[in-house]
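Data block below; observations after.
Protein chains in written order, with the numbering used here: chain B, 8 to 118; chain U, 367 to 482.
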């Protein structure tokens, strides 16, 4: 049972444009969500999170939107930079419990 | 800075060998985790531990065991390696908090295991 799904394995955008990465979940008990970024040959690093009581969280160029009724979240990167090229994982969890990760989306930002 | 160190970046083993993957964290985190990353499957939890000598099965524990004798160290053991265990293995750690658990995990750089 894939509780967190990232349906787009890859995304390619031009430098300076917006990147939108999407994530769907099925577990209505999830009360927080996180995005991680992973470069090749490195471990994932935390990017941004959102609690289920919010519908938006912003940190610099990165904004995460949560639509609880649709069980959908998205990560917006504006403006996109070549250094943003990486695999992005979304994850959901319940407080005090473990995270469930999606399959990942490979973002490529072209100069 | 939190540091999670995995003992081997690259390993090549033969089918049937016993494999040890070691992970050490230096931030006094209670929680430690072992994941594997495979293309198209994302990060899947193998085992985790909330305390010394404590372990819990994750989503794909078959063929693996773990050991946590000290708080800072969490070992993943493949008793008899098989080719389908060829993967990237990632160790992670986090604090255990009672309130507002953010869930932020700190990952090691990964161990790429190839089983021939």
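Ideal Cβ placement from N, Cα and C applies to all residues, glycine included.
Which residues DSSP lists as bridging residue 21 of chain B, in chain order: B/117
Residue 378 of chain U, buried or exposed, once every other Cβ within 10 Å from all chains shown has been counted against 16: exposed
C-beta contact flag for residue 11 of chain B and residue 72 of chain B at 8 Å: no
With 16 other Cβ atoms within 10 Å as the buried cut-off, status of residue 376 of chain U: exposed
Closer than 8 Å to chain B by CB, residue 428 of chain U: no
Contact list for residue 49 of chain B against chain U, beta-carbon separation under 9 Å: 473, 475 and 476
DSSP-derived helix/strand/coil call for residue 466 of chain U: A caution first: residue 466 of chain U carries a pLDDT of 42, below 50, which makes its placement in the model unreliable, though a value can still be read off. Coil at residue 466 of chain U, not helix or strand.
Residue closest to residue 369 of chain U, alpha-carbon to alpha-carbon, out of B/51, B/90, B/44 and B/84: B/51
N-terminal and C-terminal residue of the beta strand (DSSP E) that residue 85 of chain B is part of: Taken as a continuous stretch (DSSP letters only), residue 85 of chain B belongs to no beta strand (DSSP E), as it is neither H nor E.
Terminal residues of the beta strand (DSSP E) in which residue 53 of chain B lies: 52-58
Rounded straight-line distance, which links the Cα of residue 416 of chain U to that of residue 396 of chain U: 6 Å
Residue 402 of chain U, buried or exposed, once every other Cβ within 10 Å from all chains shown has been counted against 16: buried
Unbroken stretches of the alpha helix (DSSP H), 4 residues or longer, contained in the region 398-465 of chain U: none
Buried or exposed (CB count within 10 angstroms, at least 16 for buried), residue 372 of chain U: buried
Those residues which DSSP pairs with residue 99 of chain B across a bridge: B/40 and B/107
Closer than 8 Å at the beta carbon, the chain B residues around residue 456 of chain U: 50 and 51
Residue-chain proximity (residue 108 of chain B, chain U), Cβ-Cβ < 8 Å: yes
Spatial neighbours of residue 409 of chain U in its chain, beta-carbon cut-off 6 Å, leaving aside the 5 residues before and after: 401 and 403
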